[in-house]
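**Q** Residue numbers (the numbering used here): 272 to 486.
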Amino acid sequence: MPPIPGSGLAKGLAVTLRTMTKKTVTEQYPEHQPELPPRTRGVIGLFEENCTVCMLCARECPDWCIYIDSHKETVPAAVEGGRERSRNVLDRFAIDFSLCMYCGICIEVCPFDALFWSPEFEYAETDIHELTHERDKLRDWMWTVPAPPALDPAAEEPKEIATARKAAEKLAAAQEAEAAQQAEAAQQAEAAQQAEAAQQAEATQAPEPGPEAEA
């Protein structure tokens, strides 16, 4: 059946009329905060303990709005005769949000989970130069990052969690074995002390030999 001429226009006008008759609701911001989706791209939080200064985020940023400074420190050998190593120490991590286009590439390429999206959006400034936020501010925003969604109950355990759990179980088993060895050694020492005390008691209670025994 061919469409009726003008049906599309009638449907569009119907949508317009329905919208026009609805009551407009205005959220009274800032008295009432908006309910943002959990994956809102508001601002970028930095978990600097995970940052290894690999510079991937700064190199992949299409706007070049990430500024990182670091220096090298020498780490002494962990064992005697070992070799000293050097590691990068983060000095500065800043993001210029006047240039950032919120593409999220820096978060995706970070191999150590040091950058996260936060739904925080109240960081407007009157001066554009103040939109460059340093690592202290980025660290404060880290605590506004929502928790990740729960995994599917039928999904496999993540490799990171499995590795951490196995390491924790191995450490707990080693600690239990060490505690058992220490308890066994304490029991042996206590038994030896008791045996020595019994021998000393027997020696002090033994009668001295008389004249007949000497003859």
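Ideal Cβ placement from N, Cα and C applies to all residues, glycine included.
For Q458 and E449, I'd like the C-alpha separation in whole angstroms.
**A** Straight-line Cα distance between these residues: approximately 14 Å.
**Q** Does the separation of the CB atoms of E504 and V380 fall below 8 Å?
**A** Nothing can be reported for residue 504, as the shown portion of the chain is limited to 272 through 486.
**Q** Going by DSSP in three states, G279 sits in which element: helix, strand or coil?
**A** Three-state result, G279: helix.
**Q** Can you name the residues that DSSP bridges to I337?
**A** Note: I337 sits in a beta bridge opposite I366.
**Q** Who are H342's beta bridge partners in DSSP?
**A** V360.
**Q** With DSSP as the reference, label W388 as helix, strand or coil.
**A** Of the three classes helix, strand and coil, the one that applies to W388 here is strand, per DSSP.
**Q** What residue does the alpha helix (DSSP H) around I399 start on, and which one ends it?
**A** Segment: none, I399 is in no alpha helix (DSSP H) and carries neither H nor E.
**Q** Candidates E302, A395 and R363: which alpha carbon is nearest D340's?
**A** Checked all of E302, A395 and R363; the closest Cα to D340 is R363.
**Q** Report the rounded CA-to-CA distance for R312 versus G352, giving the unit in angstroms.
**A** Each residue's alpha carbon lies about 50 Å from the other.
**Q** I'd like the list of long-range same chain contacts for E298, defined as Cβ closer than 7 Å, with 5 residues on each side in sequence excluded.
**A** P305, listed in sequence order.
**Q** Pull up the distance between the alpha-carbon of L284 and that of M326, whole angstroms please.
**A** L284 and M326: Cα-Cα distance of roughly 54 Å.
**Q** Please state whether DSSP places V314 in a helix, a strand or coil.
**A** Strand.
**Q** Which class does H303 belong to by DSSP, given the choice of helix, strand or coil?
**A** Reduced to three states, the DSSP call for H303 is coil.
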